[in-house]
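Okay, so here's the structure we're looking at.
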Amino acid sequence: MLGKLFSAKEKESLPWKELNNVSQLEEIDNLSQEKPVLLFKHSTRCSISAMSLGRFERSFSDDYSFEPYFLDLIAHRDVSNMIAERYGIRHESPQAILIANGKAVFNSSHMGINYEELNSIAKKQ
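Numbering of the sequence shown is given in my numbering, commencing with residue 2 and proceeding in unit increments.
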């Protein structure tokens, strides 16, 4: 009975693609020629990162205008370092970076990561 009270419509979750190899950055650059790509850098050891990710995911709606990639930067620090070098953005954690046409067009970190803002910027690319 209680299940019916809470099952009106479950919120769709963000369809993250795992970013775990430096070679994927070429794929991301190519994809970003057609549609913006979001790189979400997350530290599994940081409570602020967990809060930021949770807030971002709770804000998600199915009208998103980017391809979402998720990076566990503890497990794949080499990828995180290459992102900073390739796109000319100082490393932070957590961090959201929007890539369009092979370039970083926006980034934010910590509690400044905002789904609505990122999606709005992606729609304009």
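Beta carbons are placed, not taken as given, at the ideal position from N, Cα and C, and that holds for glycine.
- Around the C-beta of I98, 16 or more other C-beta atoms lie within 10 Å, and the residue is accordingly described as buried.
- Runs of the beta strand (DSSP E) spanning 3 or more residues and lying entirely within the region 29 to 76 occur at 38 to 43, 68 to 73, in chain order.
- In this model, M52 and T45 are separated by some 11 Å (Cα to Cα).
- I114 sits in coil when the DSSP states are folded into three classes, being neither helix nor strand.
- By the neighbour-count definition (other C-beta atoms within 10 Å, threshold 16), E68 is a buried residue.
- When only Cα atoms are considered, F71 and L20 end up about 6 Å apart.
- Scanning its chain for C-beta atoms nearer than 7 Å, with the 5 sequence neighbours on each side dropped, one finds around P37 the residues S66, F67, L99, I100, A101, A123, Q126, in chain order.
- Under DSSP, I100 takes part in a beta bridge, and its partners are V38, A105.
- Around S24, the same chain offers no residue with a beta carbon nearer than 7 Å, after the five sequence neighbours per side are excluded.
- Inclusion of K18 and P95 in the CB contact set at 8 Å is not warranted, their separation being larger than that value.
- Scanning S14, L15, E28 for the CA closest to the CA of G103 turns up E28.
- Taking C-beta atoms as the reference points, F57 and I114 count as a pair closer than 8 Å.
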